[in-house]
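Residue numbers for the sequence shown follow the UniProt record's numbering, so the first one is 1 and each next one is one higher. Just so you know, even glycine gets a beta-carbon here, dropped at the ideal spot from N, CA and C. Since we're looking at a predicted model, the values are computed, not measured.
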Amino acid sequence: MANCEHTFIAIKPDGVQWGLVGEIIKRFEQKRFHLVGLKFMQASEDLLKEHYIDLKDRPFFVGLVKYMHSGPVAAMVWEGLNVVKTAGCLWGSGNGMYEHWRCVSS
């Protein structure tokens with residue numbers, strides 16, 4: 001795929017618990033992005049501390065690591081044209097699920 005990009009997406013423990021994995025995958029596939037890797041895992045605290053190293057000095061760091069370690073996550077790698085921009089919409093301005101679905105479904 002020419003000019004394709006790759007991005008990492010992690011569905012957090014609450015998203016896995018709420019059964020959103022299939023719906024999120026469906027929405028990315030509808031945008032013609034390709035799932036090139038998927039792993040359900042219970043991330044270790046060491047892995048999470050390494051993954052979020054850029055946030056280590058923030059006051060919420062300990063809580064973030066604890067939360068992400070509280071249940072399984074779905075770790076995915078997606079590829080496609082503009083997949084980084086589209087996935088970036090998922091982090092939005094903090095307006096929760098509305099921000100997520102509006103971006104992926106548009």
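Taking all protein chains in view, the Cβ of phenylalanine 60 is surrounded by fewer than 16 other Cβ atoms within 10 Å, so the residue is classified as exposed. Within the UniProt domain "Nucleoside diphosphate kinase-like" (4–99), the alpha helix (DSSP H) runs of at least 4 residues that lie entirely inside it are, in chain order, 13–17, 21–30, 45–51, 61–68 and 83–89. Rounded to the nearest whole angstrom, the C-alpha separation of leucine 48 and histidine 69 is 8 Å. The closest CA to that of aspartate 14, considering only Leu64, Leu81, Lys85 and Arg32, is found on Leu64. In this structure, valine 73 sits away from threonine 7, with a CB-CB distance that is not shorter than 7 Å.
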